[in-house]
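If you use my numbering, the sequence shown corresponds to residues 9 to 638, in order. Idealized CB from N, CA, C, for every residue including glycine.
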Amino acid sequence: MDFFQSQNLARRNTRFLLLLFLLAVASLIILTNLLIFVFVNFQDSARIAMGQYYFSWEIFFTSTCGVVLLITLASLFRLLSLRKGGAVIAELMDGELLVNAQGDLNKLKLLNVVEEMAIASGTPVPPVYLINDPAINAFAAGYSPGDAVIGVTYGAIENLTRDQLQGVIAHEFSHILNGDMRLNIRLMGVLYGILMLALVGHTILRGVGGRGRARTTILVIGAGLMMVGYLGQFFGNLIKAAVSRQREFLADASAVQFTRNPKGIADALKRIGGYKIGSVLQHPESAEISHSFFSEGVSFSFASLMATHPPLPERIKRIEPLWNGGFLESTPPEPATAAGSTEGVMGFSSSVNIDADEVLKHIGNPQQSQVDLARQIIATLPDDYTAAAREPYSARALVYLLMLNQSNEARTQQLSHLKASSDLGVYDALEELISHEHLLNPEMKLPLLEIALPTLRQLSYAQYKMFMANLDALIRADGRVGLSEWAVLKMISKHLGEVFEAKHTRVRHDTLESVRSHCEVLLSLLAYCDKQSGVSPDVAFAAGKSELGLEVQLKDKKDLNFKKMNAALDALAELHPLRKPKLIKACIKTISADQAVSVIESELLRTIADTLECPMPPVLKPDRIDTLTK
C-alpha cells in the first residue's frame, strides 16, 4: 500500500468510525429509553400486575433528543479543545517541550533521530515532548504533519539504544504519514461523548440530597445513566481497540521499511518485554490516548478485548519470524555520541535528473537511503545555524536571513524594516547570523527551515502575527517576489497556519477535471522556471500535460502571479488523495523536461508537494564534493 492509498484508507476508516459512532449512539438511545420505560412502569405495580404498561412518545422523543444532544455536544466540545493539534495532547500528558538538549546526550540523541526522520520523509520536524514517566513508550499526535508532535518518555530515551529509538520514532512517523493521527483524535472526541452519559449520572449521584421518594427516583436515574454510560464506554473501547490494532502492525512494517533495520524496532519491543516497568504509564490521562502509544500504555481488566495494541510476542514474530522468545533485560552499551554515523559526509550537486516514478514511490514511504541522506544533510549544516533553528528568537532571525535579498539596496531596506519592527533580541540574533552568512548555501535553506518550524510553533499569537507581517514586508521590499522567497513563505504560512489559525485541509474535489484551471496555473509556472539547457516553456508544459491527461493550455507568463499560484495550490490541496499522484508526476515531468533539476526547482517541487500534503523526501542527491564545510 503506497502513501496515497493509505490516505484514502484513512478517509474510509473515518467514515467507518462515524458509522460505529452512530450505532453506539443508537444503542445508548435504546438503553436509556429502556431504562426510563422500566423505571416509569415499576412505579405502578398495580398496572404491571394487570399486564398493562405505560409508554409515552413524548417521553421517548425527549429522552432521545437529550441523549443525542448530550453526546454530540460533548464530542464537539472535546474535538474543539483538541483543534490546535498534537501540542494539546502532549500537554494533556504534562509533556515537557524539548527545545535544547543542553549537553544531555540522551536528549540530543532523541532530537537528532527525530530531525533525521523528518527530513528523510519530507515532513516538518515535529516538536518533541518528554513525558516524565519511567515506562518505555512514545506517541505521535496531531491532525496533520504540520501540527504533529512526538512524545517520548524518559524511560524510552534512558533505556533504548539509538537504533532501538530510531525504530520507535520510525513507527511514530508511519502514523504521521499514514493519516492515523487524525483518526486517533476523532476517536478521542467520539469516546468522550459516549462517556458523558456516565459522567452526568455520576454527577447526579454525588449531588443528590434529601430523603424520601424524590431522592430515590433521582438515585435510580443517576445510577441508570452511569450504568448505560459505562456500558457505552466499554463498547467504545472495543471500537478503539478494533480500529487501532491493525494500524500498529502496518506501522511496525513501515518502520522496518523506513530504517531497513528490523533489529532496531524488534529489539525495542524486546526491551519493553524485558523491562520491569514495561510500557504502562502511570499518568491519569494515559487511558484517553492509549491508542496513540507505541506500545500498550495502560492495563485493562479484559486485556485481550480492550488492548489497543497486539501482544508484544506477536508483533516481534511478525518482524523476526525466527525469534526465540527471549526479551532484553538490559540496554547494551553504545558509543557516547548522540549522532548517527556520517561516514562519507557529502555536499550537494547544483542539479540532478530525477525519476518521477521513483519520487512518487518514496512519498510518504521513505527508505533507509533517505535516512542516510538526511543524516548527511544535517552534518553539512553549520552548527551556528542548527543551534539558531532550535531557539525562538534566533529561529525567527534565521528565517529572516533566508529571505534577505542579495541586492545591497533592497537588503538595506529590509534590514531597516526589521530593526524597526522586530523584537530587539531577534534583530541582534540576525546580525550575528549575517556575520557567518558565507557558510550558508542555497541547498541548506529547506533543511534549516524544517528544523526551525517546531521552534516557530512555540511563538505567542502576537509574535506569530508580527513574524508573518515582517516576512510579507521582506519579500515585497524590492517590488518583486522571487520563487525561493515564495517557497519559504508558503511552507511557513501553511504549517504555522495549521497551529495558530487551526486551518486544516478537507477533500472537496474528486476529479482532476474539476480543478483543471488550477492545474494550468501550476504547470505553466513550472514550465517557465529555471530551464538550464534551452528547453522552451512549451516543451516543458507539453511534458507535464501528457502526464496529466487533461486538455490544458500554457498560460502567458505575464498572466501568472503568486496570488494565482497560492489560490491554485490551496484548491489542489483539496483534491482526492488518489488523484494527487498524477498531478505530482505531471509537475515532475514539467520541471525535469531539461533533464536537470536545479536547487530552486527542487525547493519549488517540495513546496508544492508539501502544500498538497504529500511529504516528499529531499530530491537533490549528494555528491562527493568539498564545497560544503562546517
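Task: Local Cβ density within 10 Å of E439, reported as buried at 16 or more and exposed below that - done: exposed
Task: M235 and L213 closer than 8 Å at C-beta - done: no
Open item on the list: Taking only three categories from DSSP, how would you classify V157?
Closed with: strand
Open item on the list: On the DSSP letters alone, give me the boundaries of the beta strand (DSSP E) that A149 sits inside.
Closed with: A146 to A149
Open item on the list: Given a cut-off of 8 Å on the beta-carbon distance, is the pair A579 and V515 in contact?
Closed with: no
Open item on the list: If the criterion is Cβ atoms closer than 8 Å, does the pair I362 and V627 meet it?
Closed with: yes
Open item on the list: Looking only at its chain, what residues have a beta carbon closer than 6 Å to the beta carbon of L39, apart from the 5 residues adjacent to it on each side?
Closed with: V236
Open item on the list: Between which residues of its own chain and I297 is the CB-CB distance below 8 Å, once the five residues before and five after are set aside?
Closed with: I97, L100, M101, F147, A149, N192, M196 and G305
Task: Straight-line gap, S71 to W65 (C-alpha atoms, nearest Å) - done: 10 Å
Open item on the list: Which same chain residues end up closer than 7 Å to V353 when comparing Cβ atoms and leaving out the 5 residues on each side of it in sequence?
Closed with: Residue placement at V353 cannot be trusted, given a pLDDT of 41 that sits under 50; what the coordinates show is reported in the next sentence. Contacts found: Q384, A387 and T388.
- [ ] Label N569 either buried or exposed according to how many other C-beta atoms from any shown protein chain fall within 10 Å of its C-beta, with 16 as the threshold for buried.
- [x] exposed
- [ ] From the DSSP output, in three-state form, read off E104 for me.
- [x] strand
TODO: With hydrogens ignored, establish whether the beta-carbon of N574 is closer than 7 Å to any heavy atom of the ligand ADP.
DONE: This structure simply doesn't include the ligand ADP, nor any ligand for that matter.
- [ ] Compute the distance between the beta-carbons of V607 and P450, then report whether it is under 8 Å.
- [x] yes
TODO: Look at the alpha carbon of L277 and the alpha carbon of V160, and state the distance between them as a whole number of angstroms.
DONE: 15 Å
Open item on the list: Measuring CB atoms only, is the region 183 to 190 touching the region 135 to 144, in the sense that at least three cross pairs come out at less than 8 Å?
Closed with: no
Open item on the list: Give me, in chain order, the residues of the same chain whose beta-carbon lies closer than 6 Å to that of G201; leave out the 5 immediate sequence neighbours on both sides.
Closed with: I79, A82 and S83
Task: M314 versus L289 - alpha carbon distance - done: 16 Å
Open item on the list: Tell me the rounded alpha-carbon separation between F335 and R279.
Closed with: 6 Å
Open item on the list: On the CB-based measure, 16 or more other CB atoms within 10 Å of its CB, does R86 come out buried or exposed?
Closed with: buried
Task: Option in E521, S600, L562 and A594 with minimal Cα separation from Y583 - done: Checking the sequence shown, residue 583 turns out to be Leu, not Tyr. Cα-wise, what sits closest to L583 is E521.
TODO: Evaluate A604 with the Cβ neighbour count: other Cβ atoms within 10 Å of its Cβ, from every protein chain shown; 16 or more gives buried, anything less gives exposed.
DONE: buried
Open item on the list: Considering only their Cβ atoms, is the gap separating L432 from Q422 smaller than 8 Å?
Closed with: no
- [ ] Count the other C-beta atoms from every protein chain shown that fall within 10 angstroms of the C-beta of A128, then say buried if there are 16 or more, exposed otherwise.
- [x] buried
TODO: Look at L409 and A495 and say whether their C-beta atoms are less than 8 Å apart.
DONE: no
Task: Cα-Cα separation between L636 and D275, rounded to whole angstroms - done: Annotation note: pLDDT 41 at L636 (below 50); position unreliable, coordinate value reported separately. Their backbone Cα atoms lie some 36 Å apart in a straight line.
Open item on the list: Please report the straight-line C-alpha distance between T619 and P374, rounded to a whole angstrom.
Closed with: 18 Å
Open item on the list: Check this for me: beta carbons of I459 and L479, under 8 Å apart or not?
Closed with: no
Task: Nearest candidate by alpha-carbon position, reference Y151, set A126, T463, E180 and R91 - done: R91
TODO: Please report how far the alpha carbon of N120 lies from the alpha carbon of V176, in whole angstroms.
DONE: 14 Å
Open item on the list: Quick check: G240 and A395, are their CB atoms within less than 8 Å of each other?
Closed with: no
Task: Length of the line joining the Cα atoms of T316 and D567 - done: 54 Å
Open item on the list: Contact defined as beta carbons within less than 8 Å: I believe I596 pairs with A364. What is the distance between those atoms, to the nearest angstrom?
Closed with: 4 Å
Open item on the list: Rounded to whole angstroms, what is the Cα-Cα separation between G111 and R398?
Closed with: 14 Å
- [ ] Flag this pair as yes or no: are the beta carbons of L320 and G372 separated by less than 8 Å?
- [x] no
Task: Proximal residues to E328 (C-beta, below 6 Å), its chain only, five neighbours per side dropped - done: A274
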